[in-house]
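Numbering (full-length UniProt numbering), first residue to last: 1 to 212.
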Amino acid sequence: MTMRKRSVLSGAAVSILLLSGCSNDIESIQQALADTEEKQNSTVAELQQVIELESQLQSAFQTDISEDEDLSSFTDGSAAVFNNIDERKQSVENLESISSELSEQTERFAEIDVQSVSEETVNDVTDTLGSLSGSVDEFAATYEADLEQQASYFESLGQDDTTYETFETGIASINDNREATQSLLVDLDAEIDALQTLKSDLSSQLDAAADD
């Protein structure tokens, strides 16, 4: 093999490696996006479940007090409100797991050697994922504390020394906490929307890169 042929083949080999690198880059980002979509959908589903169950709490409470004259079901834990709380606790636990998975996705994006698309867009996706993971974790921790307070309040209603003031104070406290969690939900909604926009942008860039 002449020196010139060796040089040409060497250059071709480098080109092949570069093309291979771009292909791997695209595949890695596409897979990361698909997995992120799954985690994002799971987040939305669990949040919607929490909201739906919370909307049913008042009805469950009214049923409990209308069917249980001495409120003994609040003492022994058989009142419907406790089942509602337990179901919301399960969703919160699911959100805690999802938060960890979102954090793993953040690290996954950060480790990608970006070549085929805008590195700035990938960085924005990474940052937004990290922020969303933290917000989900914060919401889960806050809401879990709220559920503990609600459980304690409903348990107190079955005690002999319960007064109307106890009832009023407990309801006011629950409503105050609900306002705080609503604020967190608004922030989560904004972050999920931002992530969706960035993912759409990145997907368009991937499609364009794949066509080149």
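Using N, Cα and C, we set each Cβ at its ideal position, and we do this for glycine too.
Taking I26 as the reference, which of S116, A194, N175 has the closest Cα? S116
Ignore the nearest five residues each way along the sequence and tell me which others in T181's own chain have a CB closer than 8 Å to its CB. F139, T142, Y143, D146
So what does DSSP say about T163, is it helix, strand or coil? coil
By alpha-carbon positions, which one of F167, E104, D160, S156 ends up nearest to G77? Answer by Cα proximity: S156.
Report the three-state DSSP secondary structure of I171 (helix, strand or coil). helix
Check for me: the alpha helix (DSSP H) holding residue 214 runs from which residue to which? This structure leaves residue 214 out entirely; the chain is present only between 1 and 212.
Among residues of its own chain, excluding the 5 on either side of A32, which ones have a beta-carbon nearer than 6 Å to its beta-carbon? R108, F109
Spatial neighbours of F167 within its chain, please: CB distance less than 8 Å, with the 5 preceding and 5 following residues excluded, ordered by chain position. L157
What is the DSSP secondary structure of V186, counted as helix, strand or coil? helix
CB of I51 within 9 Å of CB of Q150, strictly: no
Start-to-end residues for the alpha helix (DSSP H) that takes in V92: 80-110
Report back the beta-carbon spacing between T36 and L129 to the nearest angstrom; my notes put them in contact at under 8 Å. For T36 against L129, the beta-carbon gap comes to about 7 Å, under 8 Å, which counts as contact.
S203 by DSSP, collapsed to three states: which one? helix
Status (buried if at least 16 other CB within 10 Å, exposed otherwise) for I98: By the neighbour-count rule (16 or more Cβ atoms within 10 Å), I98 is buried.
In angstroms with no decimal places, state the Cα-to-Cα distance between N24 and A210. 11 Å
Pair within 9 Å by beta-carbon distance, L188 and V136: yes
Can you tell me which of I29, A208, I112, T43 puts its alpha carbon nearest to the alpha carbon of L95? T43
Buried/exposed call for V186, threshold 16 Cβ in 10 Å: So V186 counts as exposed.
Whole angstroms are fine: how far does the CA of L47 sit from the CA of L202? Roughly 25 Å between the two C-alpha positions.
Sub-9 Å separation of E191 and S152 beta-carbons: Between E191 and S152, the CB-CB gap reaches or exceeds 9 Å.
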